[in-house]
Every structure is written in structure tokens, then in C-alpha cells.
Amino acid sequence: MKMLPDDRPGEPGIVFRLAVVGAVPLVLGLAFIGAAGWFSPHRLTQSTLMNTFQAVDGLHPGFRRNHAKGMCVTGWFESSGQAMHLSRATLFGPVRSPVIGRFALAGGMPYQNDAPAKVRSMALRIMPPDGAEWRMGINDIPVFPVRNVSEFNTFTLATRPDPRTGKPDPARMGAFVTTHPETAQAIALIKSRPITSGFANDTYNSLDSFLFVSPNGTTTPVRWAMVPEQARQQSEPRPDETHDGRDYLFTDLIAALARAPLRWHLMITPAEPGDPVADPALPWPSSRPQIDAGVLTLNAAESEDGGPCTNFTYDPLVLPSGITPSDDPIPAARSAAYARSLTLRSGEHKPPGAITPAMIRPGEKT
Amino acid sequence: MSTSIRFSGLARILHWLMAVMILTMLFVGVFMATTTGPAYYTLLSLHRPLGIAILLLALVRLTNRLLVPPPSLPDTMPPLQKAAALGSHVLLYALMIAMPLIGWGMLSAGNYPVIMWGGFHLPPILPHNPVLFATLRHLHTWLAILLFATILLHLAAALLHALILRDSVWPSMVSFRRTERDLP
Chain H
1 MKMLPDDRPG EPGIVFRLAV VGAVPLVLGL AFIGAAGWFS PHRLTQSTLM
51 NTFQAVDGLH PGFRRNHAKG MCVTGWFESS GQAMHLSRAT LFGPVRSPVI
101 GRFALAGGMP YQNDAPAKVR SMALRIMPPD GAEWRMGIND IPVFPVRNVS
151 EFNTFTLATR PDPRTGKPDP ARMGAFVTTH PETAQAIALI KSRPITSGFA
201 NDTYNSLDSF LFVSPNGTTT PVRWAMVPEQ ARQQSEPRPD ETHDGRDYLF
251 TDLIAALARA PLRWHLMITP AEPGDPVADP ALPWPSSRPQ IDAGVLTLNA
301 AESEDGGPCT NFTYDPLVLP SGITPSDDPI PAARSAAYAR SLTLRSGEHK
351 PPGAITPAMI RPGEKT
Chain Z
1 MSTSIRFSGL ARILHWLMAV MILTMLFVGV FMATTTGPAY YTLLSLHRPL
51 GIAILLLALV RLTNRLLVPP PSLPDTMPPL QKAAALGSHV LLYALMIAMP
101 LIGWGMLSAG NYPVIMWGGF HLPPILPHNP VLFATLRHLH TWLAILLFAT
151 ILLHLAAALL HALILRDSVW PSMVSFRRTE RDLP
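Shown next as C-alpha cells:
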């Protein structure tokens, strides 16, 4: 230590000063890995959710980790102008916004067979000319089965197949439902929903609540639904549950789009005081007035393989100015998880999906 | 190198302002990347404009560094230490500029809108390409860790100068008092 300057009278000694040199970066470093969750093993990260989907549905490289079986559609959204007083988002104004959409089945299995009661989703990317886009993934169930992401993770894990039987263990789901009465109520609502014959005449609900910000800055919590113009037909049992039937929801949709454009109305429900905004498992009263904000027209189908809906996420927090998140915790979790899913699947080799280009344009080479 | 003993006033202000901004950015980033909680959206909405602000300030700072030479390192420092100091500064500048560009490029490649605030967006700077998105997303993480590690070393070295070596290095960036030696 001879080479170092001597201690100065009245100041801490060299050992203490050396300790400070080491301790300050050390504390900062510990804080950093703390922020990364190293000291919170129970933190629910994006990777936790990816592992959960993999535990339930297996690993399917290149596919979305949830809603893996799907098909691209395109069209446009034309506003009615009736929501302009609720939200200043430009797509509610007098413009026509191109849309890239995706219909899918819930679940992480990209080759699962279609069946009437499986949850169907519509994802939309509405792109007004000024670039203020709105993305959403909405589902044909009336409420979300759980209240938050931690419950979602436990609930989803409860549906994982038992290695002995290859099927979900009813005792596991039973235990969850017993301790979560709100999930029991939500499942009852989901099970009693009308099941339509296909994607084209189905209603898709936001489930989550968002805030609409008006031109003068007033915020209104809202939920919304895409309500079909196509006549609602009850689902009928298919005689053929084998080869031809396994993609029947998608092949029916392809046929319907080949016949004529399909239309849905964007019905906005503003909340009234007391409506549960932060809890997607609770429905809002069905008596709430709705606003017909405009018409979604879809007129073309495309396979995911090479199609326009594959290389991005339907991140529900890609919002235009005029729409913001509410206290509902689910969209943030979906946003974070979708980004992780995109990173994973984009780095993987993707085999052809269930709905191939040849199914959409027979005769064309794929 | 010049004979002045302190960094220029602008260099000192930018150094401390950006120190706060970059550390905030690193902590926000590492938390954001490992949470599915409600803070995710708020933090991401902060992360984008703060990153672009750092990019702009880093360009101002680089220009200032090239125009106004920094004070010479003390002669008591061995050449290897001087080289390490210079090397770490080059790395810090490179990362301050590269990290926001990678973030911006990553969002562009992933087909995300690069929202600053309200309705103000930045244009994409790379083509939509999911493989590029995945690569840049991983690069963004690894370079963030490298940046944080470099900052820790930089901090440890600065404290070593301040508390042990007691040479002119620490006051050249820390002192804001007006001294006669500032005068030309």
C-alpha cells in the first residue's frame, strides 16, 4: 500500500475507502438483478406464461403460443361517426381503415380438430391512414374465466394433461374452481353461451375493459363486441368428425368469404358507475345501451403461411391516441406475453399450418 | 486532449443527466422484460421516448466531445490504465447510441408502431421481418447487460480515483464550482 497516498487525518482509513469503491457498484448490481426478478422466484414473468402454455399444449415451434391454429383475413373498418364523442381515436372519424385480421381457436395446439364448443377468436389490426392503429384479440365467450394473470396461470396449468391419462385431471380444475367462486360463475356463463355454426355468424367480445378518451379529455370505461350481420345459426352436429370435419370451422369461413364479404358491427358499451372495470370475469349488465361505432367488412382469406397476419402480434395494448388501458390487469399480461411469444416463434422454424394456401385457393401451387 | 482540468460545463451536465436517464432506462428495461404486471404498459410507454431522448443527447454529447477535447488523464496513470479508460469510454458512447437504435429497429422489424407520446409516432427504420425482430430483441438484452456492466466498472474506477488515487480524474467530472483555472 506504499504506492497509495497516505490516509489524511480526520478521514476514514484506506480499508474503509476501498470497501466503498467495491460496495457502491455491488449494491447497484444487486439492485439490478433484483429488478430482473432474481430474488423473487414467484414473480410471474413472460417466460412463466410461455412455460405454462408449453406444459398444457406441448411445444410447437414457429407457432403462436396460444390461439395457435388460425387463418388470416383482410378487409376494412368504416366508422359510423357515432363513437367520435367518446374517443378521439382517428379511426372513429370519417376514414376507412384497412384491416388485417385473424380467426383462430383458443389453445396452443396448431393442429387441433375444430369442434363447436371450442373458444373462437377474432384478432384485428385496424390501420387508419395516419398510422394510429388499434389492435385487439377478442373472443366468442361472454366473460374471461379469471380475474388476473396469476389466476390465469394457475387456471391454465390446471388444464394440463395428466401424464398417466393424457387428459386434464378434473380434480385439479375442481380444486381451482372451488376456491375461486368468480371462476365458477364465469364458467357457467361461458358454458351457457349460444354456440353458432361458425366463425362468420359468431359474436366476439373484448372481455377486457379499456378507457376511451374523448376530444375534450373525458375518459369512459368501455367494453365492446363485434356483432355479425350474418344470420346466427345454431351449431349443428357434423356427421363427419373425421378427416373433412377437422378443419370445418375454417373451411366454412373460407367458403363464406368466397361467396360474399362478411360484416360485423363494432358495438361499444360504455360503463355506468359501479360496473366492474378491473375484473374481466364479471359481466356488465346486459341492459347497458350500446353504440354502433361502425362496420367491419372482411372480404378475403389467406393462409397464415406467407399470409399477412403472421409477422406481428395482436398486442391489445397497441392503442391509438384516444384509447388507453383501464385497471383491468389482463391486457398488460397479454401484451407482455405476446411480445415474448413473437420473439420465440420468430427464431424457430415453422412447419406448414393446418390451414394451407391450397385450402384457400385450390389449384394454386403453395 | 487539452490542458484544461475539467470537462466542459455542457459535458458535465450531459454526463450527469444521462447517467440518471440511462440507469433509469436499464432498471425499467430489466423489470419490464420480466413482468406481466400492470406496470408493463406504463414502463414501456416511458421506455420508448426516454430511449429516443438518450439517443439525441448522446449525439449532442459525442459532437461536444469531438469539438471540446476532454481533460488529459493524469501522468501518474500507467498507459494500460489510460487505454482501458479510453476503451471504456468508446464502448459507453457506442452503446448509448446503439441501444436506442436497436430498440427502434427491433420495434420496426416486429411491426410495432414506435409510439412516442399521444399521436406522435416515429417511422420504422428497418423492414418488417420477424427473424430480424427476434435477433434484435436478444441483442437488446445482451447489450443492455454489457452496458450495465460497463457502467459498474466505470463507477468503480471513478470511485477508485476519488477515494484511493485522489488524482484529478474525479473532480474533472464532479466539481461544479467555479475555479480560477476554468478561465482561459
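Which chain is which? The protein sequence lines are H and Z, in order.
When you line the first sequence up against the UniProt record's numbering, it's residues 1 to 366, in that order.
When you line the second sequence up against the UniProt record's numbering, it's residues 1 to 184, in that order.
Built from N, CA and C at the ideal position, the CB exists for glycine as well.
- Under the three-state reduction of DSSP output, Y314 (chain H) falls in the coil class, being neither helix nor strand.
- Looking only at H:P116, H:A106, H:I126, the smallest Cα-Cα distance to S79 (chain H) is reached by H:I126.
- Between the alpha carbons of P329 (chain H) and P129 (chain H) lies a distance of about 30 Å.
- Along the segment 129-161 of chain Z, the alpha helix (DSSP H) occurs as fully enclosed runs of 4 or more residues at 130-159, listed in sequence order.
- For the alpha helix (DSSP H) assignment, the uninterrupted runs of no fewer than 4 residues enclosed by the segment 267-352 of chain H are, from N- to C-terminal side, 330-346.
- In the structure shown, the three-state DSSP call for L262 (chain H) is strand.
- In summary, H42 (chain H) is exposed, with fewer than 16 beta-carbon neighbours lying within 10 Å of its beta-carbon over all protein chains present.
- For W170 (chain Z), the enclosing alpha helix (DSSP H) stretches over residues 169-174.
- Boundaries for H85 (chain H): no alpha helix (DSSP H) harbours it, and the DSSP string shows neither H nor E there.
- Using a CB distance cut-off of 8 Å, N66 (chain H) does not count as an interface residue toward chain Z.
- Less than 8 Å divides the Cβ of A271 (chain H) from the Cβ of S209 (chain H).
- In summary, I33 (chain H) is exposed, with fewer than 16 beta-carbon neighbours lying within 10 Å of its beta-carbon over all protein chains present.
- Under the Cβ criterion of 8 Å, F32 (chain H) is counted among the residues facing chain Z.
- Interface annotation, T343 (chain H): in contact with chain Z, CB-CB separation under 8 Å.
- By the neighbour-count criterion, in which a residue is buried when 16 or more other Cβ atoms sit within 10 angstroms of its Cβ, E11 (chain H) is exposed.
- For H121 (chain Z), the enclosing beta strand (DSSP E) covers residues 120-122.
- Rounded to the nearest whole angstrom, the CA to CA distance from S168 (chain Z) to R6 (chain Z) is 8 Å.
- If you look at V227 (chain H), you'll find it in the beta strand (DSSP E) that goes 219-228.
- Taken through DSSP and simplified to helix, strand or coil, T178 (chain H) comes out as helix.
- For P100 (chain Z), the closest of Z:L56, Z:R65, Z:A149 by C-alpha to C-alpha distance is Z:L56.
- The Cβ neighbour count for H349 (chain H), taken over all protein chains shown within 10 Å, is under 16; the residue is labelled exposed.
- Counting along the chain, the unbroken beta strand (DSSP E) around V213 (chain H) starts and ends at 210-213.
- Between the segment 246-255 of chain H and the segment 190-208 of chain H, the count of C-beta pairs closer than 8 Å reaches three or more; the two stretches touch.
- Residues of chain Z with a Cβ closer than 7 Å to the Cβ of V318 (chain H) are, in chain order, Y112, P113.
- When rounded, the separation of the alpha-carbon atoms in S303 (chain H) and R135 (chain H) is 20 Å.
- Pairing I97 (chain Z) with L147 (chain Z), the inter-Cα distance amounts to about 11 Å.
- Not flagged as an interface residue toward chain H: F7 (chain Z), since no C-beta distance is shorter than 8 Å.
- For F16 (chain H) and V28 (chain Z), the gap between their C-alpha atoms comes out near 32 Å.
- When C-beta atoms of the segment 50-69 of chain H are compared with those of the segment 43-54 of chain Z, fewer than three pairs fall below 8 Å, so the two segments do not count as touching.
- When 8 Å is used as the limit between beta carbons, R102 (chain H) is near no residue of chain Z, the shortest such separation being about 13 Å.
- Secondary structure in the segment 37-68 of chain H: the alpha helix (DSSP H) runs of 4 residues or longer, each lying completely within the stretch, are 46-57 in chain order.
- Looking at the backbone, the Cα of M21 (chain Z) and that of W170 (chain Z) are separated by about 21 Å.
- Relative to T45 (chain H), the option among H:I268, H:Y338, H:D305, H:L86 whose CA is nearest is H:Y338.
- Out of H:Q112, H:I100, H:L266, the CA that lies nearest to the CA of K69 (chain H) is found in H:Q112.
- C-alpha of A336 (chain H) to C-alpha of A39 (chain Z): approximately 11 Å in a straight line.
- Think of a sphere of 9 Å around the beta carbon of A84 (chain Z): no beta carbon from chain H falls inside it, the nearest being about 16 Å out.
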